[in-house]
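Asker:
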């Protein structure tokens, strides 16, 4: 499946219809959730059979395309399945919650009720909406998702065409950091764009501007929209960087070895630079790399991150490496290398089974850092 995202330009009448459809889908979801909560034994067929009765009791439900309302039943049970998986993984979960006004952002046209001709997107019960198709569509359209983002509308068109990425032949280890976003075992470095830091001054100004507006006023609403758009711009810049980086890695490599980091736990430690670390979006990077590698036939291997910075990649001896030391100078064999490059080689060696036995050279009085998951985060 390939998804294409295009911006729509509905007129005022069409915007009213889209917002009405969003709110009607929200109400249908809440009614089905209420019925689900009242059931002793869950019966999906009975919940889905509510929709014809809703159209009889409330004729306004007839003004929304039937497939769109049916999709809300699928959404409800998908959310229920997600909670079940989290619970099986020993996560603390609650109950499904009712959706308040404005919580719904998407409506779905599944299988039918839509058509696309040149720059016009037809949606049943809404009409022909002007859309900017800036890329050629490949394959047959299977589903269209309409999404409201602040004051803009987008259509995500899903086709049955499979996009195949061909992986390369290289086998590398990669070390994630903050000063350099990524260093591989060949010594190649990717500089961290530090997107939040670049935009921090303007972001601070917009937040201050919002805090000074009177609550409930029109000026506060406009300030909130300006701030939301700027946050969206930051997210778009970050996603653009991550997509380009992960695609480039998969095209070059057939095996990528990286550390298995517990990012949530790392961010909660008081000595970590949490803001810059979370700005790097290592978790998002890993997710993108995983699904692109699966599509291309590339293998992602995760290894234990313990002591990858402290071990000499040449002789296997170990020494303390405080953060201010950016170059690894081995006291045993005299080997000199950039600390991130040395760490990337150790990560690759852990996968290939070439990790040498360590010669302990750290005094017993030194604490903690030998067990830290990622010293590079302490920039």
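Residue numbers (our numbering): 1 to 379.
Note that beta-carbon positions come from the ideal geometry of N, C-alpha and C, so glycine has one too.
Does the beta-carbon distance from residue 110 to residue 142 come in below 9 Å?
Answerer: Counted from its first residue, the chain shown places residue 110 at position 110. Counted from its first residue, the chain shown places residue 142 at position 142. Yes, the pair counts as a contact, with Cβ atoms nearer than the cut-off.
Asker: When the Cβ atoms of the stretch 275-291 are set against those of the stretch 185-201, are three or more pairs found closer than 8 Å?
Answerer: In short, these stretches touch, since the Cβ pair count reaches three.
Asker: Once you ignore the five residues that flank residue 129 on each side, which residues in its own chain have a CB closer than 6 Å to its CB?
Answerer: The residue you call residue 129 lines up with position 129 of the chain shown. Result list for residue 129: 8, 10, 14, 121, in chain order.
Asker: Quick check on the DSSP output: what are the complete alpha helix (DSSP H) runs of length 4 or more inside the stretch 77-151, in order along the chain?
Answerer: Taking only runs of at least 4 residues, no alpha helix (DSSP H) segment lies wholly in the stretch 77-151.
Asker: When the Cα atoms are used, what is the spatial distance from residue 88 to residue 137?
Answerer: On the chain shown, position 88 is the one that residue 88 refers to. On the chain shown, position 137 is the one that residue 137 refers to. The straight-line gap from Cα to Cα measures roughly 39 Å.
Asker: So what's residue 278 in DSSP terms, helix, strand or just coil?
Answerer: Stepping through the chain shown from its first residue, residue 278 is reached at position 278. In the structure shown, residue 278 sits in a helix (DSSP, three-state: H, G or I).
Asker: Where does residue 260 fall in DSSP's three states?
Answerer: Reading the chain shown from its first residue, position 260 is the one you call residue 260. Three-state result, residue 260: coil.
Asker: Out of 253, 151, 173, state which residue places its alpha-carbon closest to the alpha-carbon of residue 229.
Answerer: In the chain shown, the residue the question calls residue 229 occupies position 229. Considering only alpha carbons, the answer is 151.
Asker: In this structure, what does DSSP give as the bridge partners for residue 7?
Answerer: Position 7 of the chain shown, counting from 1, holds the residue named residue 7. DSSP, once it has assigned bridges, lists 132, 154 as partnering residue 7.
Asker: How many Å lie between residue 54 and residue 231 at the Cα?
Answerer: What you label residue 54 is simply residue 54 of the chain shown in a count that begins at 1. What you label residue 231 is simply residue 231 of the chain shown in a count that begins at 1. Spanning the two alpha carbons is a distance of roughly 39 Å.
Asker: Quick check: the Cα distance between residue 346 and residue 123, rounded to an integer number of angstroms?
Answerer: Taking the chain shown and counting its residues from 1, the one referred to as residue 346 is at position 346. Taking the chain shown and counting its residues from 1, the one referred to as residue 123 is at position 123. Going by the C-alpha atoms only, they are around 55 Å apart.
Asker: In chain order, what residues of the same chain have a beta carbon less than 7 Å from the beta carbon of residue 169, not counting five sequence neighbours either side?
Answerer: The residue labelled residue 169 in the question sits at position 169 within the chain shown. Same-chain partners within the cutoff: 254.
Asker: Kindly indicate the opening and closing residues of the alpha helix (DSSP H) around residue 184.
Answerer: Numbered from its first residue, the chain shown carries residue 184 at position 184. Looking at the DSSP string, residue 184 is not in any alpha helix (DSSP H); the run it does join, the beta strand (DSSP E), is 180-184.
Asker: Any chance you could list the alpha helix (DSSP H) runs of at least 4 consecutive residues sitting entirely within the stretch 181-264, in chain order?
Answerer: Those alpha helix (DSSP H) runs which fall completely within the stretch 181-264 and span 4+ residues are 195-211, 218-252.
Asker: Quick one: residues in its chain with C-beta nearer than 7 Å to the C-beta of residue 42, no 5 flanking neighbours on either side, listed in chain order?
Answerer: Here residue 42 refers to the residue found at position 42 of the chain shown. Cβ neighbours of residue 42 beyond the five flanking positions: 36.
Asker: With distances taken between CB atoms, is the gap from residue 155 to residue 147 smaller than 9 Å?
Answerer: Counting from 1 along the chain shown, the entry for residue 155 is found at position 155. Counting from 1 along the chain shown, the entry for residue 147 is found at position 147. Yes; because the gap between Cβ atoms is below 9 Å, this pair is in contact.
Asker: Would you call the stretch 328-348 and the stretch 170-177 touching, i.e. three or more CB-CB distances under 8 Å?
Answerer: Yes: at least three Cβ pairs fall under 8 Å.
Asker: What is the DSSP secondary structure of residue 12, counted as helix, strand or coil?
Answerer: In the chain shown, residue 12 corresponds to position 12, counting from 1. Three-state result, residue 12: helix.
Asker: Taking 9 Å as the cut-off, decide whether the C-beta atoms of residue 116 and residue 133 are in contact.
Answerer: Taking the first residue of the chain shown as position 1, residue 116 is located at position 116. Taking the first residue of the chain shown as position 1, residue 133 is located at position 133. Contact flag set, yes.
Asker: Just how far apart, CA to CA, sit residue 68 and residue 25?
Answerer: Here residue 68 refers to the residue found at position 68 when the chain shown is read from its first residue. Here residue 25 refers to the residue found at position 25 when the chain shown is read from its first residue. The straight-line gap from Cα to Cα measures roughly 8 Å.
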